[in-house]
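Residue 10 in full-length UniProt numbering sits at position 10 of the sequence shown; the count goes up by one each step and never skips.
Remarks on the structure that follows.
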Amino acid sequence: MSEAYFKKVRFVGSFLQAPTRFELPQFVFCGRSNVGKSSLINALVNQKIAHVSKTPGKTTTINAFVVDEKFYLIDVPGYGFAKRSKSMINAWKKPIEGYLLNANMLQIVFLLIDARVS
């Protein structure tokens with residue numbers, strides 16, 4: 001890997017109900033299961049900090065990473081197919097929706113799409 005642009009990236013926590021009050025700006029990565037949200041976060045910070053898997057539905061909580069103590073990168077569970085129970089998938093919807101609608105410092109929501117999936 002090449003030299004990192006960011007000096008300090010740390011995992012803040014995994015949340016079933018994400019806090020809506022943050023002291024720093026937030027950038028959220030959304031998309032279908034297995035589209036590459038966690039992989040993109042890893043590429044952006046040049047570290048393997050977000051867990052990735054070939055199995056759809058690996059991310060089951062809202063995960064927060066703080067970058068240089070200046071902003072958060074937020075990784076949310078994917079929508080669509082996941083190798084999880086229907087009840088678990090449905091349980092993800094409300095917390096994610098609540099977070100997206102109520103987060104005080106939300107700056108941008110990046111919606112990742114896979115060009116190979118129609």
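For every residue, glycine included, the Cβ atom is placed at its ideal position computed from N, Cα and C.
Note that the coordinates shown come from a computational prediction; the quantities given were computed from them, not determined experimentally.
Inset, instruction - Determine the contact status of Thr55 and Val76, defining contact as a CB-CB distance below 9 Å. - result: Against a cut-off of 9 Å, the Cβ pair of Val76 and Thr55 comes out as no contact.
Legend entry - Where Lys37 falls, given that 16 or more other Cβ within 10 Å makes a residue buried: Around the C-beta of Lys37, 16 or more other C-beta atoms lie within 10 Å, and the residue is accordingly described as buried.
Legend entry - Residue of Phe27, Ile62, Pro19, Phe6 minimising C-alpha distance to Asn46: Nearest to Asn46 by alpha-carbon distance, out of Phe27, Ile62, Pro19, Phe6, is Phe6.
Inset, instruction - Tell me Tyr72's beta-bridge partners as DSSP assigns them. - result: For Tyr72, the beta-bridge partners assigned by DSSP are Gln26, Val66.
Legend entry - With 16 other Cβ atoms within 10 Å as the buried cut-off, status of Leu24: With fewer than 16 other Cβ atoms from the protein chains shown falling within 10 Å of its own Cβ, Leu24 counts as exposed.
Inset, instruction - Look at the alpha carbon of Ser87 and the alpha carbon of Gln26, and state the distance between them as a whole number of angstroms. - result: Straight-line Cα distance between these residues: approximately 28 Å.
Inset, instruction - With a threshold of 16 other CB atoms inside 10 Å of the CB of Ala43, please say whether the residue is buried or exposed. - result: Answer is exposed; the Cβ neighbour count stays below 16.
Inset, instruction - Taking Tyr79 and Arg116 to be in contact with their CB atoms under 8 Å, please state how far apart those CB atoms are, rounded to whole angstroms. - result: Not confirmed; about 17 Å, so no contact.
Legend entry - Range covered by the alpha helix (DSSP H) that runs through Ile41: Run containing Ile41: 37–45, per the alpha helix (DSSP H) assignment.
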